[in-house]
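If you're matching them up, the sequences are chains A and B in order. At position 73 of the first sequence the residue is numbered 73 (the working numbering), and the sequence of numbers has no breaks. At position 250 of the second sequence the residue is numbered 250 (the working numbering), and the sequence of numbers has no breaks. Backbone N, C-alpha and C fix where the C-beta goes; we use that ideal spot for every residue, glycine too. Remember, it's a predicted structure, so these values are computed and weren't measured experimentally. What follows is a single structure, written as structure tokens, with notes after it.
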Amino acid sequence: MDTEFIIKYIPLYVKAAGLTIGLGIVGIFFSLLIGLSVSLIQYFKIPVLKRIAGIYIELSRNTPLLVQLFFLYFGLPKAGIRFSSQACAIIGLSFLGGSYMAEAFRSGLNAIDKVQEESALSIGLKHGQVMRYVILPQALSLSVPGLCANMIFLIKETSVFSVLALADLMYVAKDLIGLYYKTDEALLMLVIAYLVLLLPISVAASFLERRLRYAGFGN
Amino acid sequence: MKEKEKLLEIKHLHKDYGNGPVLKDVSLNVHKGEVVVIIGPSGCGKSTLLRCINGLEQIQSGKILLDGEVITENKTKWSEVRQKIGMVFQSYDLFPHMTVTDNILLGPTKVQGRDKKEAEAEAERILERIGLLDKKNAFPRQLSGGQKQRVAIVRALIMKPEIMLFDEVTAALDPEMVREVLDVMLELAKSGSTMMIVTHEMQFARAVADRIVFLDGGEILETDTPEKFFTRPKTDRAKRFLNTFSFHMERERGGKAI
Ligand SMILES: Nc1ncnc2c1ncn2[C@@H]1O[C@H](COP(=O)(O)OP(=O)(O)O)[C@@H](O)[C@H]1O
Ligand SMILES: [Mg+2]
């Protein structure tokens, strides 16, 4: 193992990790936004949008991210629509993540008993208030475990961004292997980099879960 | 006797969930300060009737008036009407993510825009009266079933409704907790509240009711004073229904003797 090599390229990995996490966070943000919207559309069974949401979920779930990225990055330019690598990465990740997040939100919403809504209505709350004060707070905390699992899943998925010529972790590792044949070192650093990124999220997630369960309901 | 001012009028109400009629031509008036107890076999439409009154179910025909105003119209502002109609359900329906106090204050502060301090003081007064003041910061999961139902009653009461609807609020309780909830309802009846109560507690029904309404197969078969209804029911179906209860009681006593 060439420690000198490792030390030399740590800064490169740190930079790449920054890109990975940056794209990951933006993608997760939009995934959450899409997911919440889709789950609410389905929860309220909003006519036309419900159909569109259904089609979206099928598309998103049944195509690999890699294929979605190829489509965005190589396919769309042929139709004259051109996005930067970063934009493709974020759009792709959000498109994928949205359906997963929607599923997590949906299971939270579905876990809330109908009588909760009815008793909130019966004290005179309007539908929006019922959502805001009664349904969503409960549904969201029930969704947290699923949402956290999805975040970790999405950060891992960012490893395919290297096909967009983005200097993320995967790209850097492949590059170093290609240039110097330091396969062991490059891969070791890759594994460690992902661990460093994902472990804190994982720990935070289980902490949050425990907190929510404690503060929560479990009646 | 109590004054005869009509508070709630139900006229020729028909309700159908899409697989046959559930309420058939139900007409019923509830006067101010009156306690009407609805009894009848399971599935006869008791819950449906209460749910129609506060707009949780759409009706097919007929109408319902509250204070002389029709409330079963498309333009009905249910948020306003429901403030005048308190309802307590069978299943414990407290909001599990809120403390007892927050459960009670949600309506006054968010719906009525009352001052939080002032509403909280009132909540504490009521909690104290029913012996639950020490639970004001507890979460529902820390309460017994009976305590939850009493808080649910307070949550409805604090809105100062004109009428309270109770749908088998003790049916899901362990027997030893039934009493504490019924006592609160008796107290309310004594203080002159207008109430519609669905219950299977026959002795309680007899004690609390000004009038008993016997519902079977979605129809009102009898309306009478508790005295008359329980001693001399007019219809065979009411007789049979009451018999199922006395049969139950005798069997239980017999069981203990063995
Ligand atoms: N949401 C619903 N959809 C379809 N049928 C229902 C629904 N709610 C109640 N029913 C039916 O309506 C009838 C009356 O029910 P309900 O009012 O709950 O009776 P009760 O409270 O007297 O036991 C029953 O046959 C029940 O199956
Ligand atoms: Mg019922």
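1) When the cut-off is 9 Å and only beta carbons count, does A:A109 lie next to chain B?
2) In chain order, what residues of the same chain lie with their CB nearer than 6 Å to the CB of A:L195, ignoring the 5 residues before and after it?
3) Counting Cβ pairs, one atom from each stretch, are 3 or more of them under 8 Å apart for the segment 92–111 of chain B and the segment 143–152 of chain B?
4) Can you find a CB in chain A that lies within less than 9 Å of the CB of B:M196?
5) Just checking, does the segment 30–44 of chain A make contact with the segment 92–99 of chain A on the three C-beta pairs under 8 Å criterion?
6) Please indicate yes or no: does the CB of B:V198 lie closer than 8 Å to some heavy atom of ligand 1?
7) Just tell me which of B:V154, B:T231, B:F230 and B:R129 has its CA closest to the CA of B:M87.
8) Hey, out of A:I152, A:K182 and A:G24, whose CA is closest to A:A87's CA?
9) Please confirm if A:I123 has its CB atom under 9 Å from at least one CB of chain B.
10) Would B:R155 count as contacting chain A if we go by Cβ distances under 9 Å?
11) Give the secondary structure of A:F5 by DSSP, where H, G and I count as helix, E and B as strand, and everything else as coil.
12) For the 8 Å Cβ check, are there 3 or more pairs between the segment 193–207 of chain B and the segment 29–44 of chain B?
13) Just to check, is the beta-carbon of B:V26 closer than 8 Å to a non-hydrogen atom of ligand 3?
14) Kindly indicate which residue of B:E187, B:I158 and B:T48 has the alpha-carbon position closest to the one of B:T109.
15) Look at the alpha carbon of A:V67 and the alpha carbon of A:A139, and state the distance between them as a whole number of angstroms.
16) If the cut is a Cβ gap below 9 Å, which residues of chain B does A:K45 touch?
17) At a Cβ threshold of 9 Å, is B:A152 touching chain A?
18) What residues from chain B crowd round A:P137, counting only those whose CB sits closer than 8 Å?
19) Which residues mark the beginning and the end of the alpha helix (DSSP H) in which A:D175 is found?
20) What residue range does the beta strand (DSSP E) around B:M195 cover?
21) By the criterion of Cβ-Cβ separation under 9 Å, what are the contact partners of A:E209 in chain B?
22) If you measure from the CB of A:S37, is any heavy atom of ligand 2 nearer than 8 Å?
23) B:N29 lies in the beta strand (DSSP E); which residues open and close that run?
24) Please state whether DSSP places A:D184 in a helix, a strand or coil.
25) Going by the DSSP bridge assignment, what does B:F166 pair with across the sheet?
26) What's the call for B:L13, buried or exposed, on a 16-neighbour Cβ count within 10 Å?
27) Beta carbon of B:M202, beta carbon of B:I71: below 9 Å?
28) Output, in sequence order along the chain, the residues in the segment 84–110 of chain B whose CB is closer than 7 Å to any CB in chain A.
29) Could you compute how far the alpha carbon of A:S84 sits from the alpha carbon of A:L109?
30) Starting from A:L96, trace the beta strand (DSSP E) both ways and give me its first and last residue.
31) Given 8 Å as the limit, tell me if B:K46 has its C-beta closer than that to any heavy atom belonging to ligand 2.
32) Just checking my contact of B:A119 with B:L105 at CB under 8 Å: how many whole Å lie between their CB atoms?
33) Beta carbon of B:Q90: closer than 8 Å to some heavy atom of ligand 2?
34) At a cut-off of 8 Å, would you count A:E118 as near ligand 2, judging by its Cβ distance to the nearest heavy atom?
35) Taking its Cβ as the centre, do 16 or more other Cβ atoms sit within 10 Å of B:N137, making it buried, or is it exposed?
36) Straight-line CA distance for B:G259 to B:D174?
According to the structure data:
1) For this step, residue 109 of chain A is matched to residue 109 along the first sequence. For the record, residue 109 of chain A in the displayed sequence is Leu; it is not Ala. No, because no Cβ of chain B sits closer than 9 Å to the Cβ of A:L109.
2) On the first sequence, residue 195 of chain A is found 195 positions in, with the first residue counted as 1. Closer than 6 Å at Cβ, skipping near neighbours: no residue.
3) yes
4) The count along the second sequence starts at 1 and reaches residue 196 of chain B at position 196. So, not an interface residue.
5) yes
6) The sequence position of residue 198 of chain B within the second sequence is 198, counting from 1. Yes, Cβ of B:V198 sits closer than 8 Å to a heavy atom of ligand 1.
7) Within the second sequence, the letter at position 87 stands for residue 87 of chain B. Among B:V154, B:T231, B:F230 and B:R129, the Cα nearest to that of B:M87 is on B:V154.
8) One-based indexing of the first sequence puts residue 87 of chain A at position 87. Of the listed residues, the one whose Cα sits closest to A:A87 is A:G24.
9) As a first step, residue 123 of chain A must be located in the first sequence, where it is residue number 123. Yes, contact with chain B.
10) Within the second sequence, numbered from 1, the residue matching residue 155 of chain B stands at position 155. Output row for B:R155: interface = yes.
11) Reading the first sequence from its first residue, position 5 is the one you call residue 5 of chain A. The answer is helix: DSSP assigns A:F5 an H, G or I state.
12) yes
13) Because ligand 3 does not appear in the structure shown, any question about it cannot be addressed here, the ligands present being ligand 1 and ligand 2.
14) In the second sequence, counting from the first residue as 1, residue 109 of chain B sits at position 109. With distances taken between Cα atoms, B:T109 lies closest to B:I158.
15) In the first sequence, counting from the first residue as 1, residue 67 of chain A sits at position 67. In the first sequence, counting from the first residue as 1, residue 139 of chain A sits at position 139. A:V67 and A:A139: Cα-Cα distance of roughly 33 Å.
16) Within the first sequence, numbered from 1, the residue matching residue 45 of chain A stands at position 45. Within chain B, no residue comes near A:K45; the closest Cβ sits about 16 Å away, beyond 9 Å.
17) The sequence position of residue 152 of chain B within the second sequence is 152, counting from 1. Yes - at least one Cβ of chain A is within 9 Å of the one on B:A152.
18) Reading the first sequence from its first residue, position 137 is the one you call residue 137 of chain A. Chain B residues near A:P137: H97.
19) What you label residue 175 of chain A is simply residue 175 of the first sequence in a count that begins at 1. Its alpha helix (DSSP H) spans residues L169 to Y180.
20) Locating residue 195 of chain B in the second sequence gives position 195, counting from the first residue. T194 to V198 is the extent of the beta strand (DSSP E) around B:M195.
21) Reading the first sequence from its first residue, position 209 is the one you call residue 209 of chain A. What A:E209 touches in chain B: nothing, since even the nearest Cβ is about 15 Å away.
22) Along the first sequence, read from residue 1 onward, the residue named residue 37 of chain A stands at position 37. Not so, every heavy atom of ligand 2 lies at least 8 Å from the Cβ.
23) As a working note, residue 29 of chain B is residue 29 in the second sequence. Element bounds for B:N29: P21 to H31.
24) Position 184 of the first sequence, counting from 1, holds the residue named residue 184 of chain A. Helix, per DSSP.
25) Locating residue 166 of chain B in the second sequence gives position 166, where the first residue counts as 1. Bridge partners of B:F166: B:V88 and B:I197.
26) For the purposes of this step, residue 13 of chain B is identified with residue 13 of the second sequence, where counting begins at 1. Per the 10 Å Cβ criterion, buried.
27) Here residue 202 of chain B refers to the residue found at position 202 of the second sequence. Here residue 71 of chain B refers to the residue found at position 71 of the second sequence. No. Outside cutoff.
28) M87, F89, S91, D93, F95, P96, H97, L106, G107 and K110
29) Reading the first sequence from its first residue, position 84 is the one you call residue 84 of chain A. Reading the first sequence from its first residue, position 109 is the one you call residue 109 of chain A. So the alpha carbons of these two residues sit roughly 36 Å apart.
30) Position 96 of the first sequence holds residue 96 of chain A. Per DSSP, A:L96 belongs to no beta strand (DSSP E); it is in the alpha helix (DSSP H), S85 to N110.
31) Your numbering for residue 46 of chain B matches position 46 in the second sequence. Yes.
32) The residue labelled residue 119 of chain B in the question sits at position 119 within the second sequence. The residue labelled residue 105 of chain B in the question sits at position 105 within the second sequence. B:A119 to B:L105, Cβ: 5 Å. Contact.
33) Stepping through the second sequence from its first residue, residue 90 of chain B is reached at position 90. Yes, ligand 2 has a heavy atom inside 8 Å of this Cβ.
34) The residue you call residue 118 of chain A lines up with position 118 of the first sequence. No, Cβ of A:E118 sits at least 8 Å from all heavy atoms of ligand 2.
35) For the purposes of this step, residue 137 of chain B is taken as the residue at position 137 of the second sequence. It is exposed - the Cβ of B:N137 has fewer than 16 other Cβ atoms within 10 Å.
36) Residue 259 of chain B lies beyond the range of chain B shown here (1 to 258); nothing can be said about it.
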